[in-house]
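Report on the structure given below.
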Amino acid sequence: MSTLILALVITTAQILLALAMGCAAWRILRGPRAQDRVLGMDGLYIAGMLLLLIYGIQTGRTLFFEGAVVIALLGFTGTVALAKFLMRGEVIE
Amino acid sequence: MIQAPDLPLWAAIAVGLFVLLGASITLIGALGLLRLDNFYDRIHPPTLGSTLGTGCILIASMICFSVLHTRPMVHEILIAIFVTLTTPITLMLLARAALYRDRAEGSPIVPADLEPNGEEG
Chain Y
1 MSTLILALVI
11 TTAQILLALA
21 MGCAAWRILR
31 GPRAQDRVLG
41 MDGLYIAGML
51 LLLIYGIQTG
61 RTLFFEGAVV
71 IALLGFTGTV
81 ALAKFLMRGE
91 VIE
Chain U
1001 MIQAPDLPLW
1011 AAIAVGLFVL
1021 LGASITLIGA
1031 LGLLRLDNFY
1041 DRIHPPTLGS
1051 TLGTGCILIA
1061 SMICFSVLHT
1071 RPMVHEILIA
1081 IFVTLTTPIT
1091 LMLLARAALY
1101 RDRAEGSPIV
1111 PADLEPNGEE
1121 G
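So the sequences go chain by chain: Y and U. Residues in the first sequence are numbered from 1 upward in steps of one, following the working numbering. Residues in the second sequence are numbered from 1001 upward in steps of one, following the working numbering.
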């Protein structure tokens, strides 16, 4: 019984995070300027990382944790590179 | 697909509560990203998801795997430390880049640079 309720709660949380990713994707598509799109990408990768962590809880396997770490690392690098590009017009000077 | 790990009742309650809380907070942050109408307002709400939302879901993950493997598993702290360290850095860089771009265009929503000869921030 408690397992069924936990399964429903986890599925609800996944739906909420998918909605959050949808909001961030809307900001990427519509964002009036380039910095808004970069901000949307930042929100998108955070929500995707949380979705992967919740999937790891759901299946009870630690395999997805490594995926979440990689998303956090590459998302940070990507946002910093894009911010640097917006600032100077070049990533590595 | 609906499934869940087989946890005792107290752990199931704690995991469900923290997962739902974290996902709701992240959704609130994303809605703020959608609704606010100025870039300098919009840069604030996503941090809700990357601090409190991530924290709640990582606590749920720690409880779940510690109970499943019957020993403390705290490797999620790695993500917590990393995200907490990097979010201010990225958003500060992004805000400075946006400020630079708006000033270069002479946009009326940002104040002018007080030190025109200073190093461009």
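For each residue, glycine too, the CB sits at the ideal point set by N, CA and C.
Determine whether the Cβ of residue i lies closer than 8 Å to any Cβ atom of chain U.
{"i": "G48 (chain Y)", "result": "no"}
{"i": "M87 (chain Y)", "result": "yes"}
{"i": "R27 (chain Y)", "result": "yes"}
{"i": "I92 (chain Y)", "result": "no"}
{"i": "R33 (chain Y)", "result": "yes"}
{"i": "V9 (chain Y)", "result": "yes"}
{"i": "V70 (chain Y)", "result": "no"}
{"i": "G67 (chain Y)", "result": "no"}
{"i": "L52 (chain Y)", "result": "no"}
{"i": "L63 (chain Y)", "result": "no"}
{"i": "L74 (chain Y)", "result": "no"}
Assuming residue i and residue j form a contact by the criterion Cβ under 8 Å, report the distance between their Cβ atoms to the nearest whole angstrom.
{"i": "L1033 (chain U)", "j": "P1046 (chain U)", "result": "6 Å"}
{"i": "I1079 (chain U)", "j": "A24 (chain Y)", "result": "At roughly 19 Å, the Cβ-Cβ gap does not stay under 8 Å, so I1079 (chain U) and A24 (chain Y) are not in contact."}
{"i": "L1093 (chain U)", "j": "V80 (chain Y)", "result": "6 Å"}
{"i": "R72 (chain Y)", "j": "M41 (chain Y)", "result": "With the sequence shown as reference, residue 72 (chain Y) is identified as Ala, and Arg is not the correct amino acid for it. The Cβ separation is near 13 Å, so there is no contact."}
{"i": "T1026 (chain U)", "j": "A18 (chain Y)", "result": "The pair is not a contact, with the Cβ atoms about 11 Å apart (cut-off 8 Å)."}
{"i": "A34 (chain Y)", "j": "A1004 (chain U)", "result": "With a Cβ gap of about 42 Å, A34 (chain Y) and A1004 (chain U) do not count as contacting."}
{"i": "I28 (chain Y)", "j": "S1050 (chain U)", "result": "Not a contact, Cβ separation roughly 17 Å."}
{"i": "F1039 (chain U)", "j": "D36 (chain Y)", "result": "6 Å"}
Would you say residue i lies against chain Y (beta-carbon separation less than 8 Å)?
{"i": "V1067 (chain U)", "result": "no"}
{"i": "I1081 (chain U)", "result": "no"}
{"i": "P1088 (chain U)", "result": "no"}
{"i": "S1061 (chain U)", "result": "yes"}
{"i": "R1096 (chain U)", "result": "yes"}
{"i": "T1084 (chain U)", "result": "no"}
{"i": "S1107 (chain U)", "result": "no"}
{"i": "V1015 (chain U)", "result": "yes"}
{"i": "P1111 (chain U)", "result": "no"}
{"i": "G1022 (chain U)", "result": "yes"}
{"i": "I1077 (chain U)", "result": "no"}
{"i": "L1027 (chain U)", "result": "yes"}
{"i": "R1103 (chain U)", "result": "no"}
So which residues on chain Y does residue i lean against when the C-beta distance must stay under 9 Å?
{"i": "G1070 (chain U)", "result": "Residue identity check: residue 1070 (chain U) is Thr in the sequence provided, not Gly. Within chain Y, no residue comes near T1070 (chain U); the closest Cβ sits about 13 Å away, beyond 9 Å."}
{"i": "H1044 (chain U)", "result": "Going along chain Y, no residue has its Cβ under 9 Å from H1044 (chain U), so there is no contact; the nearest lies around 10 Å."}
Which chain U residues sit within Cβ distance under 8 Å of residue i?
{"i": "G40 (chain Y)", "result": "L1033"}
Starting from residue i, find everything on chain Y with Cβ-Cβ shorter than 7 Å and list it in chain order.
{"i": "D1006 (chain U)", "result": "T3"}
Taking residue i as the query, report the chain Y residues whose CB atoms sit under 8 Å from its CB, ordered along the chain.
{"i": "G1019 (chain U)", "result": "It should be pointed out that residue 1019 (chain U) corresponds to Val in this sequence rather than to Gly. What V1019 (chain U) touches in chain Y: V9, I10, A13, I54 and I57."}
{"i": "L1009 (chain U)", "result": "S2"}
Complete alpha helix (DSSP H) runs within the region 1004-1083 of chain U (minimum length 4 residues, chain order) = 1009-1035, 1039-1042 and 1054-1069
ask   = In chain order, which alpha helix (DSSP H) runs of at least 4 residues are fully inside the region 2-60 of chain Y?
value = 2-30 and 34-59
request  = With 8 Å as the C-beta to C-beta threshold (strictly closer), list the residues of the region 1049-1060 of chain U near chain Y in chain order.
outcome  = G1049, S1050, G1053, T1054, I1057, L1058 and A1060
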